[in-house]
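*Asks:*
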Amino acid sequence: LLSRSIANWLLRRRQLSPFGACVNRRGGASAALLTDESAPERHSLDRHVGLLYRPEEADWQAVTRHFCRPELVRLFDTLGQRALMVRRPALEIGERLAGHAGDGRPCLRFVLYGRRGSGKSLQMGHVAAACRRRGWLLVTVHNAHLWMRHSRELHESAHRPGMFDTAGYGCIWLRHFYAMNQEILPGLRVTKELSWNAKESTPAGSSWKEVIDYALARPRYSCAAVQFLIDEIKLGSVPMPTLVCFEVANCLWWHRSGIKNDAIRRTPLQGEEPPWRADITAKQLTLLDAFKQLLDSDWNNGAAVMSVSPQGALFDRLREWMPRKLLGDEGFAYLDPFVPVYVEPYGPAEMSNMLNWYTESGWLTSEAAATDAGRAELAFLSDGNAGELLRIAGEW
Amino acid sequence: MSQLLLGYASRLLGCQSRSGSAATTAAAAAILSQQPVRHKSPLQKVRKRGPFPEWTKTDPDPHLFTRHIPKTDERRTKAVRPPGKYQIFSVHYDPIVNSFAGHFVKCGQRDKLRDVFTQMMAEIKHIQMARRNAAPPEEKASIEVDPTRVIHKAVENCSPLLIIKHVFRGGFLYKVPCPLRESESQMRAFKFLRIASNVRGTKEHLYRSLARELVNASNNEGKAVHAKLQLHKTCEENRAYANYRIT
Numbered sequence: 006l007l008s009r010s011i012a013n014w015l016l017r018r019r020q021l022s023p024f025g026a027c028v029n030r031r032g033g034a035s036a037a038l039l040t041d042e043s044a045p046e047r048h049s050l051d052r053h054v055g056l057l058y059r060p061e062e063a064d065w066q067a068v069t070r071h072f073c074r075p076e077l078v079r080l081f082d083t084l085g086q087r088a089l090m091v092r093r094p095a096l097e098i099g100e101r102l103a104g105h106a107g108d109g110r111p112c113l114r115f116v117l118y119g120r121r122g123s124g125k126s127l128q129m130g131h132v133a134a135a136c137r138r139r140g141w142l143l144v145t146v147h148n149a150h151l152w153m154r155h156s157r158e159l160h161e162s163a164h165r166p167g168m169f170d171t172a173g174y175g176c177i178w179l180r181h182f183y184a185m186n187q188e189i190l191p192g193l194r195v196t197k198e199l200s201w202n203a204k205e206s207t208p209a210g211s212s213w214k215e216v217i218d219y220a221l222a223r224p225r226y227s228c229a230a231v232q233f234l235i236d237e238i239k240l241g242s243v244p245m246p247t248l249v250c251f252e253v254a255n256c257l258w259w260h261r262s263g264i265k266n267d268a269i270r271r272t273p274l275q276g277e278e279p280p281w282r283a284d285i286t287a288k289q290l291t292l293l294d295a296f297k298q299l300l301d302s303d304w305n306n307g308a309a310v311m312s313v314s315p316q317g318a319l320f321d322r323l324r325e326w327m328p329r330k331l332l333g334d335e336g337f338a339y340l341d342p343f344v345p346v347y348v349e350p351y352g353p354a355e356m357s358n359m360l361n362w363y364t365e366s367g368w369l370t371s372e373a374a375a376t377d378a379g380r381a382e383l384a385f386l387s388d389g390n391a392g393e394l395l396r397i398a399g400e401w
Numbered sequence: 003m004s005q006l007l008l009g010y011a012s013r014l015l016g017c018q019s020r021s022g023s024a025a026t027t028a029a030a031a032a033i034l035s036q037q038p039v040r041h042k043s044p045l046q047k048v049r050k051r052g053p054f055p056e057w058t059k060t061d062p063d064p065h066l067f068t069r070h071i072p073k074t075d076e077r078r079t080k081a082v083r084p085p086g087k088y089q090i091f092s093v094h095y096d097p098i099v100n101s102f103a104g105h106f107v108k109c110g111q112r113d114k115l116r117d118v119f120t121q122m123m124a125e126i127k128h129i130q131m132a133r134r135n136a137a138p139p140e141e142k143a144s145i146e147v148d149p150t151r152v153i154h155k156a157v158e159n160c161s162p163l164l165i166i167k168h169v170f171r172g173g174f175l176y177k178v179p180c181p182l183r184e185s186e187s188q189m190r191a192f193k194f195l196r197i198a199s200n201v202r203g204t205k206e207h208l209y210r211s212l213a214r215e216l217v218n219a220s221n222n223e224g225k226a227v228h229a230k231l232q233l234h235k236t237c238e239e240n241r242a243y244a245n246y247r248i249t
């Protein structure tokens, strides 16, 4: 008798989807909840969490686009509309940063962590767009782990002996930096004389644009230019606060890479024939070291937001996602103390809103995607992960 | 055997609009109307599978308790074929897409292929939506965006009605046009699509070339449909030997 009642209870439960708790709202898809507030710095924790907003064109082209995955950018191009979700981590960081600058306090460091695809980069993008609208200077690095994996042009550095320059990536970064800060850069001046080599130098008081133009014309000195500009920021010669965004910061402490270098000389092992080659570590690249200096806490009037991701992990740490594991001893000691910010998976309300938007914009073309069972299945398969949902929704 | 032929002929006539040309189906029916010459031994045993019905949702769910089903209920003793290995009971499951995926599997790496297919279906959406955005208003409604429906249409357009089989007779090798079962026709369609989407070297990812080929095939263009039409043409050329068929 007891078993029959249990069986009946199970039968009744079977009518409901077992994963319905992952998604809000019965009754299929409904309208997506969008907010009219397109300015990221005006989003607040009370009113806008869980809503979607449409970024403005200027913000998107200059800042937010670089923090998005290429798949997401392509999706927005195809659909002809853009909508990003306002979430708690970005708003919490934004609140701290609003009152932080200009008090002589050292650089405040945030480390965003979470599973791969949970939305760390987009949260950084939200913070960066908000700070840019407040008039901050933005220094953003997106592809550092790719610099370590693929690098063809490597030169011995003149301005930092014993290290290596990646001239191509330096030029690309300078162009990206210029495009992001076009309104602010004309007002910035260099306070020291920058000597490129024994014969050429840029005098003190010249604008930052001249320095960047020189480096783009002479790619050999692009990494030196980056180093000089970062020295200027650390000196405090920049009148406005600076925000440093570094995606996948755990690659700064790699002991291996995809780049071999014949210039490294080490004692040959027993019976080894030359040429013996070793991996280049992150400490030996001037570009990476320059940005690492910005992540230190010995400068004022700025903040640094970093993310640590398994995407930038070496082969031995591919399954880890916590900061302590990804950064290792050295990286953790360097960044300590920092504010860890967890980017959590979508909750039921956020998942429901995201599915509504995908259905409304026409990306989910299957009839099953509008039903309760289909939505519950999408929520289950993606497990609340934003990146997984984006990938799986391509199929539905 | 005449029953079988009638069955094929009726299938042909029934799906006349399937692959674009009424002349093709009429030609196929004409070829098939010729009687085959039997060369097999009359003592040869023909093994048949039982006509077990497919598993349906009303049958007992193997994952739940069955104690609530009375012992005299026919569900307890009904013979059903068990569900397929990759048959998923989901609202999004599609048997044709599932079989199509199985056709591409190499070395048992079906899970790796699943990612490829997810990307491929997203790519179909991108291609078709871009085309729909660029199309004039009167054509917008006719462009199919759903990848599952695009795959169905592509497979339908690539499915041949007849196939060439080689028959060795009297010292000569003849190409004989023969009918196909539904499953074999579908397999031929998959094979045409797979070979058409094969790009040498590392120039393009499979999901991209396959998506492009499927979209073309759904519009009756492209290499896969061309291969099917070539096959039909060869069947038409060899229609004189249709009676050499061993069925």
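Chains as they are written, first to last, in the working numbering: chain E, 6 to 401; chain F, 3 to 249. Backbone N, C-alpha and C fix where the C-beta goes; we use that ideal spot for every residue, glycine too.
1) At the level of alpha carbons, what is the spacing between residue 210/F and residue 128/F?
2) When you check each C-beta in the stretch 179-210 of chain F against every C-beta of chain E, which residues fall closer than 8 angstroms?
3) Given a limit of 8 angstroms on CB to CB distance, which residues of the stretch 146-158 of chain F reach chain E?
4) In whole angstroms, what is the alpha-carbon distance linking residue 109/E and residue 308/E?
5) Can you find the residues in the same chain that come closer than 6 angstroms, C-beta to C-beta, to residue 124/E, ignoring five residues on each side of it along the sequence?
6) Starting from residue 83/E, trace the alpha helix (DSSP H) in both directions and tell me its first and last residue.
7) From this set, 282/E, 305/E, 256/E and 306/E, which residue's C-alpha is nearest residue 297/E's C-alpha?
8) Quick one: which unbroken beta strand (DSSP E) runs of 3-plus residues sit fully inside the stretch 81-146 of chain E? Chain order, please.
9) I'd like the list of long-range same chain contacts for residue 164/E, defined as Cβ closer than 7 angstroms, with 5 residues on each side in sequence excluded.
10) Taking 8 angstroms as the threshold (beta carbon to beta carbon), is residue 145/E in contact with chain F?
11) What number of angstroms, rounded off, separates the C-alpha of residue 170/E from the C-alpha of residue 41/E?
12) If you check the beta carbons only, do residue 356/E and residue 263/E fall under 8 angstroms apart?
13) Can you tell which of 131/F, 96/F, 106/F and 29/F has its C-alpha closest to the C-alpha of residue 367/E?
14) With a threshold of 8 angstroms between beta-carbons, can residue 121/F be considered close to chain E, or not?
15) Just to make sure I have the definition right: I need the residues of chain F whose C-beta is within less than 7 angstroms of the C-beta of residue 401/E. Which are they?
16) From residue 184/F to residue 191/F, what distance separates their C-alpha atoms?
17) So which of 328/E, 334/E, 39/E and 143/E has the shortest CA-CA distance to residue 92/E?
18) Of all the CB atoms in chain E, is at least one closer than 8 angstroms to the CB of residue 105/F?
19) Taking all protein chains shown into account, do 16 or more other C-beta atoms lie within 10 angstroms of the C-beta of residue 208/E, making it buried, or fewer, making it exposed?
20) Is it buried or exposed, residue 230/F, if we count other Cβ atoms within 10 angstroms and call 16 or more buried?
21) Using 8 angstroms as the threshold, is the C-beta distance between residue 67/E and residue 185/E below it?
22) The alpha helix (DSSP H) that contains residue 346/E, what's its start and end?
23) Hey, quick one: how far does the beta strand (DSSP E) through residue 227/E stretch, first residue to last?
24) Could you compute how far the alpha carbon of residue 182/F sits from the alpha carbon of residue 163/F?
25) For residue 64/E, does the count of other Cβ atoms within 10 angstroms reach 16, so buried, or fall short, so exposed?
26) In angstroms, rounded to a whole number, what distance separates the CA positions of residue 295/E and residue 177/E?
27) Is it the case that the stretch 319-336 of chain E contacts the stretch 135-142 of chain E, given that we only count it when at least three CB pairs across the two stretches are under 8 angstroms?
28) Based on the DSSP secondary-structure assignment, which residues constitute the bridge partners of residue 305/E?
29) Would you mind stating whether residue 382/E and residue 94/F have Cβ atoms separated by less than 8 angstroms?
30) Is any beta-carbon of chain E found at less than 8 angstroms from that of residue 127/F?
31) Use the C-beta contact count for residue 175/E: other C-beta atoms within 10 angstroms, 16 or more gives buried, fewer gives exposed.
32) Mind pulling the chain F residues with CB within less than 8 angstroms of residue 85/E?
33) Going along chain F in order, which residues have a C-beta closer than 8 angstroms to the C-beta of residue 382/E?
34) Roughly how many angstroms separate the alpha carbons of residue 243/E and residue 144/E, rounded to a whole number?
35) Kindly identify the DSSP beta-bridge partner or partners of residue 356/E.
36) Distance cutoff 8 angstroms, beta carbons only. Does residue 124/F sit that close to anything in chain E?
*Replies:* Taking the structure as given:
1) Taking the CA atoms as reference points, residue 210/F sits about 11 angstroms from residue 128/F.
2) none
3) 147, 148, 149 and 150
4) 12 angstroms
5) 348 and 391
6) For residue 83/E, the enclosing alpha helix (DSSP H) stretches over residues 75-84.
7) 256/E
8) Segments of the beta strand (DSSP E) lying fully in the stretch 81-146 of chain E: 113-118 and 142-146.
9) 229 and 232
10) no
11) 46 angstroms
12) no
13) Ranking 131/F, 96/F, 106/F and 29/F by Cα distance to residue 367/E puts 131/F first.
14) yes
15) 94
16) 11 angstroms
17) 39/E
18) no
19) Per the 10 Å Cβ criterion, exposed.
20) buried
21) yes
22) Not the alpha helix (DSSP H): residue 346/E falls in the beta strand (DSSP E), residues 344-347.
23) Here residue 227/E belongs to no beta strand (DSSP E); instead the alpha helix (DSSP H) covers 227-240.
24) Approximately 7 angstroms, taken between the alpha carbons.
25) buried
26) The straight-line gap from Cα to Cα measures roughly 15 angstroms.
27) No, because fewer than three Cβ pairs between the stretch 135-142 of chain E and the stretch 319-336 of chain E fall closer than 8 angstroms, the two stretches do not touch.
28) 111/E
29) yes
30) yes
31) By the beta-carbon neighbour count (other beta carbons within 10 angstroms, threshold 16), residue 175/E is buried.
32) 135
33) 92, 93 and 94
34) Taken atom to atom, the span from the alpha-carbon of residue 243/E to that of residue 144/E is near 13 angstroms.
35) Under the DSSP definition of a beta bridge, residue 356/E lacks any partner.
36) Interface residue, yes.
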